[in-house]
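Residue numbers (this note's numbering): 35 to 395. Just so it is clear, CB atoms sit at the ideal spot from N, CA and C, and this is done for glycine as well. Fair warning: this is a prediction, and the values are worked out from it, not measured in the lab. Here is the structure we will look at, set down as C-alpha cells.
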C-alpha cells in the first residue's frame, strides 16, 4: 500500500499525509472499529448458531455466573482478530519486519486459543487443550519471533534488557535473550487469558496497554524523540503504533458487544492472541520490564493464580476465596460492574506509571 501511496504522492503532494505513522494509526483505529461494528452482529449470530449451548461455565466459579452467563457464545476473539488484521494490512507498512513478527505471534497464539475454545465448546467441558502442550507450542512460536527480532535489531541492543529509570543500564543476555523474550511473550499471553473472566474486564486494560505501547513504539522508533527522552532507539518499531491503533479500534468495537450483559465472550481465541501481541511489542521496543508495570493488572491476576495453587498444594489452604483475583472480590461482595470498573481504574493508573518511566531517566 505504501508503494501505491508513494506514487500517488508524486502526482498529488497532498497525499503525503498517508506517510505519517500518526495519520495511519488513526486510520487503523477507525477502520478496525467500523469493521467490527459492521460484521460483529453477523459473527455473533454465526457463533451462537454453531455453538448451541455456548461457552461452558465453571461449576466451581461464582454461582451467579451459572445464571447470567450461561448460553453466551465464545470465540469473540475472531471479531477482534479480523478487525485487527484488516486495519493492519490496509494501513501498516507491510515491508516492515516487526509488523510481520507481531502478526505471526498474534495468529499463532490465536489459533491455539481457537482450538482450546473449540474443544471446550464441543465437549461442553472446561477441560480444553492440554496445558503442557499448549505452553510448549506457545514457547516455540514466541522463540521463533524473538530470534527474528534479534536478527532485525542492532547488535548489542537487540539481545539486551533495558531497565526503567536507567538510561545507560543494559544487561546483554546474548542468545539467552531468546529464552527471556519467549518467556515475556508466553507470560503476557497467559496473563491476559487469566484476566478474561468478567464482561469487559480484559479488553479495556488491553486497549489501555495498547495505547501506551503505541506511544512507546512511536517514540522508540523516532531517533529524535528517543534521543530527547534518553530511551533506546530501535529503527522500524514506530510502525507498531499502527498495530496498537488497530487493537484499540477492534477492542472498542468488541466492547460494544461485550459490555454487560455480554452478547459474546472473547475466549482464549482473543485473550491469548492479544496478550502475545502485547508481549511481542514489548520485546521489540526493548520495554519488557515496563510491560510488567503497564500490564500490572494482568501480572496481578496471574500471580494470584500461582499463589493460590502453590499455597493449596503445600498447605492445603487457599490464600484467596477464589482465583483469579477478580473472583475473590466477587466473593467479598463486590458486584461484577464494581470489579470491572475498579480494575479499569487500576489499569489506567499503572499505564500512567509505566509511561512516566520514559522521562524519569
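In this structure residue 234 touches residue 294 by the C-beta definition: roughly 7 angstroms separates them, less than 8 angstroms. For residue 206, the enclosing beta strand (DSSP E) has its first and last residue at 204–206. Counting along the chain, residue 194 sits inside the beta strand (DSSP E) bounded by residues 194–196. Pairing residue 185 with residue 385, the inter-Cα distance amounts to about 30 angstroms. Comparing alpha carbon positions, the residue from 392, 278, 300 and 342 closest to residue 312 is 278. For the pair of segments examined, the region 137–154 was found to touch the region 172–184: the number of CB pairs separated by less than 8 angstroms reaches three. The criterion of a C-beta distance shorter than 9 angstroms is satisfied by residue 224 and residue 169.
Residue 106 is positioned such that its CB atom lies closer than 9 angstroms to that of residue 297.
With a 10 Å radius around the Cβ and a threshold of 16 neighbouring Cβ atoms, residue 252 comes out buried. In this structure, residue 250 sits away from residue 114, with a CB-CB distance that is not shorter than 9 angstroms. For residue 297, the three-state secondary structure derived from DSSP is coil.
Excluding the 5 residues flanking it on each side, residue 120 has same chain C-beta neighbours closer than 6 angstroms at 69, in chain order. Per the Cβ contact rule, the region 208–223 is not in contact with the region 340–357 (fewer than 3 Cβ pairs under 8 angstroms). Just so you know, the alpha carbons of residue 338 and residue 229 end up roughly 11 angstroms apart.
Within a 10 Å sphere around the beta-carbon of residue 199 sit fewer than 16 other beta-carbons, which makes this residue exposed. When secondary structure is reduced to three states using DSSP, residue 369 falls in the coil class, being assigned neither helix nor strand.
Minimum Cα-Cα distance from residue 257 among the listed residues 248, 243, 272 and 246 corresponds to 272. Residue 85 sits in a helix when the DSSP states are folded into three classes. Between residue 315 and residue 387, the C-beta spacing is not below 9 angstroms. Exposure of residue 210 is indicated by the presence of fewer than 16 other C-beta atoms within 10 angstroms of its C-beta. A check of alpha carbon separations from residue 125 across 132, 66 and 62 identifies 62 as the nearest.
In the structure shown, residue 119 adopts helical secondary structure according to DSSP, grouped into three states.
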